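Engineer:
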Amino acid sequence: MNIREIEPKFEEIEERLSLLESTQHAHETDAEPLPEISESTAGSDFLEQLSRVGPPELDPEDIASADAEPLLEGVPADSPPELDTDAEVESGTDDQTSEDIASADAEPLPEETEEEVGVDPRRFQNETASAATSHPVDTLDSDLKARIASDVKPYKVAEVINAAMNHPKLRHARELVMKPETGVMEKVQSFRLTDGTFMVPSREVFERVVLETKIDEVEWVKDVADCEDISLRFNARCIELGLNSCGRVMSWSGGHCFIIAIVRDGDSLGFAFLEPQTDEFLTDALGEGQYSLDNCLILIN
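Just add 436 to wherever you are in the sequence shown, counting from 1, and you've got the numbering used here.
The following block contains the structure:
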């Protein structure tokens, strides 16, 4: 039993003893005198008296209140317990790391736009457009230029003229040609060659140039593009690739022209002829009719 439970009962016992004592004084003749309690026997007499009186009867409510924990001051007994919010927060963050908590507390960074970081928003549009319009000619040019550079051989003008004079279709080229601007026949050099040295490809490489030029900016359009304009553009294209051995074969009237190219047939010089409007190589048919090479002026470069 707790000491706090005994003290009130002890006071009650003292009151009863005092009452008995006063009763004895009032009725000294009827009651026997109480023995004196010395300090040495006070404890034993008290226990003996306590055993005779018996333990005090305790109220069930007193027992329940004694076993219960003492209430905090100012808090009513029937008030619900306060929730420990700190404990809930701690238990809820057991699975979170310090980095997660820091990232949750941190304010979200503003999204950087292309204008803020100094990037031109049109850059990607331009890159996409350039990629969509890029032409495979760049790759073809690099491959073709490398092939031409490893194939061509240099020839002097005299060697080219000598080969042309021995060609069955070229050796009879006339010296008199009508000038288209005036319509007057003038005496001109049969072969007008502007370069002192010609880089001459093999016939196979030249045929490849013609084949791959069809996918480039020079397209042969039958009955639409002018033959001389096509010849000039083809000549410029060959110069870009490193060939200066292409030119035109003009008719004596200036009404039509063929494309002519100096090529190599093995170790000897030869010539290739193209009809500009059909992109066809001309062989036996060349020289028939008004466009015969017998009536033509050869212009190379």
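C-beta: ideal position from N, C-alpha, C; glycine also.
On a predicted model such as this, the values are computed, not experimentally measured, just so you know.
Nearest to residue 700 by alpha carbon, out of 591, 450, 686 and 449?
Structural biologist: 591
Engineer: For residue 455, count neighbouring C-beta atoms within 10 Å of its own C-beta (all shown protein chains included) and say buried if the count is 16 or more, exposed if not.
Structural biologist: exposed
Engineer: Give every residue of the same chain whose Cβ lies closer than 6 Å to the Cβ of residue 711, excluding the five residues on either side of it in the sequence, and list them in chain order.
Structural biologist: Non-local beta-carbon contacts of residue 711 in its own chain, meaning distances under 6 Å to residues more than five positions away in sequence, involve 718 in chain order.
Engineer: Using DSSP with H/G/I as helix, E/B as strand and the rest coil, what is residue 711?
Structural biologist: strand
Engineer: Measuring only between beta-carbons, confirm whether residue 711 sits less than 8 Å from chain B.
Structural biologist: In the displayed structure, chain B is absent; only one protein chain is listed.
Engineer: What residue does the alpha helix (DSSP H) around residue 718 start on, and which one ends it?
Structural biologist: That residue, residue 718, is in no alpha helix (DSSP H); its beta strand (DSSP E) goes 716–718.
Engineer: Which class does residue 661 belong to by DSSP, given the choice of helix, strand or coil?
Structural biologist: coil
Engineer: How would you call residue 649, buried or exposed, if buried means at least 16 neighbouring beta carbons within 10 angstroms?
Structural biologist: A buried status is given to residue 649, since no fewer than 16 other beta-carbon atoms sit within 10 Å of its beta-carbon.
Engineer: Are there 16 or more other CB atoms within 10 angstroms of the CB of residue 596, so buried, or fewer, so exposed?
Structural biologist: buried
Engineer: Apply the 10 Å Cβ neighbour rule to residue 681 and answer buried if 16 or more other Cβ atoms are within range, or exposed otherwise.
Structural biologist: buried
Engineer: Since residue 699 is in the beta strand (DSSP E), which residue starts that stretch and which ends it?
Structural biologist: 693–701
Engineer: Which class does residue 633 belong to by DSSP, given the choice of helix, strand or coil?
Structural biologist: strand
Engineer: Going by DSSP, name the residue or residues bridged to residue 705.
Structural biologist: 700
Engineer: Measure the CB-CB distance between residue 584 and residue 641 and report whether it falls below 8 Å.
Structural biologist: In contact: residue 584 and residue 641 (Cβ atoms closer than 8 Å).
Engineer: Roughly how many angstroms lie between the CA atoms of residue 552 and residue 639, to the nearest whole one?
Structural biologist: Low confidence applies here, because residue 552 scores a pLDDT of 44, under 50, leaving its location unreliable; read the following figure in that light. Put simply, the backbone Cα of residue 552 is about 59 Å away from that of residue 639.
Engineer: By the 10 Å Cβ neighbour count, where 16 or more other Cβ atoms means buried, how is residue 708 classified, buried or exposed?
Structural biologist: By the C-beta density criterion, residue 708 is buried, having at least 16 other C-beta atoms within 10 angstroms.
Engineer: Would you mind giving the Cβ-Cβ distance between residue 581 and residue 647, rounded to the nearest angstrom? I have them listed as a contact below 8 Å.
Structural biologist: Wrong, their Cβ atoms sit about 15 Å apart, outside the cutoff.
Engineer: Relative to the C-alpha of residue 702, which candidate in 675, 666 and 589 has its C-alpha closest?
Structural biologist: 589
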